[in-house]
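**Student:**
There are 2 protein chains.
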Amino acid sequence: MLPAPLKRLIAALSRLPGVGEKTATRYAFHLMNQPEYVAGELAQALTSFREELHFCPRCHHLAELQPAPATGTISSSSDLSGLCDICKNPRRDSRRICVIESVQDLIALEKTGEWDGVYHVLHGSLSPMRGVGPDQLRCASLIARVDAGGVDEVILATNADVEGEATALYLRRLVGTKAAVSRIATGVPMGGELEYLDRGTLGRALRDRRS
Amino acid sequence: MLPAPLKRLIAALSRLPGVGEKTATRYAFHLMNQPEYVAGELAQALTSFREELHFCPRCHHLAELQPAPATGTISSSSDLSGLCDICKNPRRDSRRICVIESVQDLIALEKTGEWDGVYHVLHGSLSPMRGVGPDQLRCASLIARVDAGGVDEVILATNADVEGEATALYLRRLVGTKAAVSRIATGVPMGGELEYLDRGTLGRALRDRRS
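These protein sequences, in sequence, are chains U and D.
Read in my numbering, the first sequence has 130 at position 61, and its numbers run on one by one without any break.
Read in my numbering, the second sequence has 113 at position 44, and its numbers run on one by one without any break.
#1: Quick check for students: name the residue ranges of the alpha helix (DSSP H) that lie wholly in the segment 133-220 of chain U, counting only runs of 4 or more.
#2: Which residues does DSSP pair with A237/D in a beta bridge?
#3: Restricting to Cα atoms, I'd like to know which of M101/U, T92/U and I169/U is closest to R207/U.
#4: Check whether the Cβ of R161/D lies closer than 7 Å to any Cβ atom in chain U.
#5: Give every residue of the same chain whose Cβ lies closer than 6 Å to the Cβ of S163/D, excluding the five residues on either side of it in the sequence, and list them in chain order.
#6: Pick out whichever of S83/U, L238/U and T92/U has its Cα sitting closest to the Cα of P86/D.
#7: Are the segment 109-118 of chain D and the segment 76-83 of chain U touching, with three or more C-beta to C-beta distances below 8 Å?
#8: Can you find at least 3 beta carbon pairs, one from the segment 252-259 of chain U and one from the segment 195-212 of chain U, that sit closer than 8 Å?
#9: Could you tell me whether any Cβ in chain D is nearer than 7 Å to the Cβ of F118/U?
#10: Establish whether the CB of R127/U and some CB of chain D are separated by less than 7 Å.
#11: Taking only beta carbons into account, state which residues of the segment 174-199 of chain D come closer than 7 Å to chain U, listed in chain order.
#12: For G272/D, I'd like the list of residues in its chain whose CB is within less than 8 Å of its CB, leaving aside the five on either flank, ordered along the chain.
#13: Whose CA, out of R127/D, Q135/D, F118/D and T181/D, lies closest to the CA of M101/U?
#14: Please decide whether P104/U counts as near chain D, where near means a Cβ-Cβ distance under 7 Å.
#15: Just the C-alpha distance for V172/D and C156/U, rounded to the nearest angstrom, thanks.
#16: With a threshold of 7 Å between beta carbons, is R214/D in contact with chain U?
#17: Could you list which residues in chain U have their beta carbon closer than 7 Å to that of E121/D, in chain order?
#18: With 7 Å set as the bound, which would you pick, yes or no: does the beta-carbon of V201/D sit closer than that to a beta-carbon of chain U?
#19: If you follow the beta strand (DSSP E) that F124/U is part of, which residue opens it and which one closes it?
#20: Three-state secondary structure (DSSP) at A248/U?
#21: Near G233/U, which residues of its chain fall below 6 Å by C-beta distance, leaving aside the five closest residues on each side in sequence?
#22: Measuring CB to CB, does L122/D end up less than 7 Å from P203/U?
#23: Does R207/U get closer than 7 Å to chain D when you measure Cβ to Cβ?
#24: Under 7 Å between beta-carbons, which chain D residues line up against A112/U? List them in chain order, please.
#25: Check the Cβ of E170/D against every Cβ in chain U and list those closer than 8 Å, keeping chain order.
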């Protein structure tokens, strides 16, 4: 019914999360009816984004790969070129580390505007069910950061689900002797109505009440 | 907050219809966490689909561009190479033409499995408001097809909205003297409940009642 090049485009678009054949077909026809640069720029961004990105060697957040320095330049010992924007920023307090599961969590926290420390992205959570142990996460480098000194506080901001709690528990045991460790608060979300909250959240909010 | 290459990808994905920044970010992170070929194949499909497609010179449906024939080949007068799959198909009745507004409409009709004639895609509908006159549509080539003879029936299957009706009216006047012209039926959709139908549809269904 549809020519092969369009079928290939629809199949490739169907791999996006939550996109079925119907939505992919809509996207494909839209792209066909738009000026050529719309599809072209998307193709260009898709081709290059992976090569132009790497993970920050300190906190494992995403960072833009910088062009190699000119030959003859002597890189100083405080070379920041490989680090992400947050680790490079002198106004961020590098003595306080917020530990999170993913880059998406980092973005959510940055949007609050409440955190001026730095981060450590684990890239996952402990899950024996899915075969994810500490070696699959960036745990060792967190411990190395704390061991290297200069860290006062570690906030464990993993998810409030079973795996996130287990990860927090595990890290608290490893880091707790070397820095002050805290866990983000759980409780009633802002605007939440008690009537519709699950028992777990409500019970926890009651237990963790503040005076 | 996000490195520039990812921001560019999110901006390019945000141009898809109904996709805002949030969905685009979700798509971008998904592509980053997938094997490299997922983004690669999408980029490839986006780059090539336009070059590999053209419009069928007879019915203006999409057709895959065939590689040029080897030099020395004498193309016969019944050369079908530029035509779409439907016009090329000898089992389709080329004496009956169904006129539609868009390729998407063609796909919807093909999915019914009810039509074994051929099509004519207008690529739009008459709309003085949007400055679309007969010259912006593929009207002249429809009249040329009918004038060339061999056409018994023309079904006007433009949308049942004001512009589609106006287009059908216009074409009926031009083609009506040369072939049998009909309009697709309007009425209560299958599974439709009278209670929830608009007055226009219900009134029309009453007037067009069959004995």
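Cβ atoms here follow ideal geometry from the backbone N, Cα and C, with glycine treated the same way.
**Tutor:** The short version:
#1: Runs of the alpha helix (DSSP H) inside the segment 133-220 of chain U: 154-157, 172-181 and 209-216.
#2: On the second sequence, residue 237/D is found 168 positions in, with the first residue counted as 1. Answer by DSSP bridge pairing: none, since A237/D is not bridged.
#3: Counted from its first residue, the first sequence places residue 207/U at position 138. It is I169/U.
#4: On the second sequence, position 92 is the one that residue 161/D refers to. Contact of R161/D with chain U is not assigned, every C-beta pair being separated by 7 Å or more.
#5: Looking up residue 163/D in the second sequence gives position 94. For S163/D, where only same-chain residues beyond five positions count, the Cβ hits under 6 Å are V187.
#6: Position 17 of the second sequence, counted from the first residue, corresponds to residue 86/D. Selected option, being the one with the closest Cα: T92/U.
#7: Contact between the segment 109-118 of chain D and the segment 76-83 of chain U is present, because at least three Cβ pairs lie under 8 Å.
#8: The answer is no - the segment 195-212 of chain U does not touch the segment 252-259 of chain U, with fewer than three Cβ pairs under 8 Å.
#9: Mapped onto the first sequence, residue 118/U falls at position 49. Output row for F118/U: interface = yes.
#10: Translated into the one-based positions of the first sequence, residue 127/U becomes position 58. Chain D contact via Cβ: absent.
#11: Against chain U - using a Cβ distance shorter than 7 Å - the residues of the segment 174-199 of chain D are I176 and E179.
#12: Indexing the second sequence from 1 puts residue 272/D at position 203. Contacts found: none.
#13: The residue given as residue 101/U occupies position 32 in the first sequence. Residue F118/D is the option with its Cα nearest to M101/U.
#14: Taking the first residue of the first sequence as position 1, residue 104/U is located at position 35. At a cut-off of 7 Å between beta-carbon atoms, P104/U makes no contact with chain D.
#15: Numbered from 1 along the second sequence, position 103 holds the residue referred to as residue 172/D. Numbered from 1 along the first sequence, position 87 holds the residue referred to as residue 156/U. One C-alpha to the other measures close to 51 Å.
#16: Here residue 214/D is taken as the residue at index 145 of the second sequence, counted from 1. No, R214/D does not count as interfacial toward chain U.
#17: Here the question's residue 121/D lines up with position 52 in the second sequence. Correct list: P74.
#18: Residue 201/D sits at position 132 when you count from the first residue of the second sequence. Closer than 7 Å: no.
#19: Taking the first residue of the first sequence as position 1, residue 124/U is located at position 55. L122 to F124 is the span of the beta strand (DSSP E), which, as asked, contains F124/U.
#20: For the purposes of this step, residue 248/U is taken as residue 179 along the first sequence, with counting starting at 1. The answer is coil: DSSP assigns A248/U none of H, G, I, E or B.
#21: Taking the first sequence and counting its residues from 1, one reaches residue 233/U at position 164. When the five nearest sequence neighbours on each side are left out, the beta carbons in the same chain lying within less than 6 Å of the beta carbon of G233/U are those of S194 and T227, in order along the chain.
#22: Position 53 of the second sequence, counting from 1, holds the residue named residue 122/D. Position 134 of the first sequence, counting from 1, holds the residue named residue 203/U. Taking a C-beta distance under 7 Å as the contact criterion, L122/D and P203/U do not qualify as a contact pair.
#23: Locating residue 207/U in the first sequence gives position 138, counting from the first residue. For R207/U, the answer is no, since every Cβ of chain D falls outside 7 Å of its Cβ.
#24: Counting from one through the first sequence, the residue named residue 112/U turns up at place 43. Scanning chain D for C-beta atoms nearer than 7 Å to the C-beta of A112/U yields A112, L115 and T116, reported in chain order.
#25: Taking the first residue of the second sequence as 1, we reach residue 170/D at position 101. Neighbours of E170/D in chain U, taken as residues whose beta carbon is under 8 Å from its own, are absent, since the nearest beta carbon is some 13 Å off.
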